[in-house]
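Right, one structure below, let's go through it.
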Amino acid sequence: MSEMTTRSPGAPMIPEGNPMLSNMGPAGYANRANVPDLTLHGLARIVPLRAAPGFHLDDRSPDARGMTVIGADQRVAGTVVDIWVDRAEPSPRYYEVEVSGLAHTVLLPFTCARIRSRTNEVLVKSILSSQFAQVPAIASPERITLLEEDRIMAYFASGYLYATPER
Numbered sequence: 000m001s002e003m004t005t006r007s008p009g010a011p012m013i014p015e016g017n018p019m020l021s022n023m024g025p026a027g028y029a030n031r032a033n034v035p036d037l038t039l040h041g042l043a044r045i046v047p048l049r050a051a052p053g054f055h056l057d058d059r060s061p062d063a064r065g066m067t068v069i070g071a072d073q074r075v076a077g078t079v080v081d082i083w084v085d086r087a088e089p090s091p092r093y094y095e096v097e098v099s100g101l102a103h104t105v106l107l108p109f110t111c112a113r114i115r116s117r118t119n120e121v122l123v124k125s126i127l128s129s130q131f132a133q134v135p136a137i138a139s140p141e142r143i144t145l146l147e148e149d150r151i152m153a154y155f156a157s158g159y160l161y162a163t164p165e166r
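If you read the sequence shown in numbering that gives the first Met the number 0, its first letter stands for residue 0, the second for the next number, and so on.
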């Protein structure tokens with residue numbers, strides 16, 4: 000939902016409710032197909048490590064599983080319970096985060112997080128700890144669709160502008 004600033008054609012619109020879920024401006028996303036991206040072998044391309052036999056993290060990379068996730072407000076948002084990998088381009092794509100009070104886990108884009116190994120923390124600058132509860136959910140615990148990917152990325156990206164009134 001949105002509200003026009005004036006009645007003039009082409010006037011800016013102001014998102015109503017949570018702007019990070021508005022699909023407007025930095026929260027915008029394409030309405031891609033609600034199906035998973037597939038590998039050449041017809042398998043879901045992005046999956047959790049628990050569903051990707053034969054895949055593992057590089058020994059030189061920190062394993063974020065069990066680490067505490069800290070939001071932009073320096074408060075605890077949750078705990079990393081798994082890492083989602085791209086089977087086609089072997090690399091991590093998401094951290095799966097268990098958020099207190101939520102019945103489901105949420106996905107945190109790998110590119111929106113930084114690991115602080117010395118304190119076992121995953122730092123997120125784009126959204127506050129309380130905003131993890133509204134990260135768009137995925138329908139399946141074992142795969143993500145193209146539409147779900149876009150919605151999650153838009154949510155985290157828009158936090159750089161919309162997470163707090165000061166931004």
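In this text, a Cβ means the ideal position worked out from N, Cα and C, and glycines have one as well.
* Return the bridge partner residues of Ser-139 from the DSSP annotation. => Arg-142
* Which residues in the same chain have their Cβ closer than 6 Å to the Cβ of Arg-166, if we skip the five residues on either side of it in sequence? -> Leu-160
* **Outcome for Ile-69 when other beta-carbon atoms lying within 10 angstroms are tallied against a minimum of 16** => buried
* Name, in chain order, the residues that DSSP records as bridge partners for Tyr-161. => In DSSP, Tyr-161 forms no bridge with anything.
* Asked: Could you give the distance in angstroms between the alpha-carbon of Thr-38 and the alpha-carbon of Tyr-93?
  -> 17 Å
* Should the region 133 to 147 be regarded as contacting the region 96 to 112, the criterion being three or more beta carbon pairs within less than 8 Å? -> yes
* Asked: How many Å lie between Val-121 and Ala-76 at the Cα?
  -> 10 Å
* Secondary structure of Ile-45, DSSP reduced to three states -> strand
* Could you tell me which of Arg-31, Ala-10, Ala-29 and Phe-54 sits nearest to Trp-83, measuring between CA atoms? => Phe-54
* Alpha carbon to alpha carbon, how far is Asn-17 from Pro-135? -> 12 Å
* Kindly list the residues whose CB is nearer than 7 Å to the CB of Ala-112, restricted to its own chain and excluding five residues on each side of it in sequence; keep chain order. => Tyr-94, Val-121, Leu-122 and Val-123
* Asked: Quick one, which of Ala-63, Val-34, Pro-89 and Pro-35 has its alpha-carbon nearest Ile-114's?
  -> Ala-63
* Reduced DSSP secondary structure (H/G/I, E/B, other) of Gly-77 -> strand
* Three-state class that DSSP yields for Ile-69 in the structure shown -> strand
* Asked: Leaving out the 5 sequence neighbours to the left and right, which residues in its chain are closer than 7 Å to Ser-99 when beta-carbon positions are compared?
  -> Gly-77
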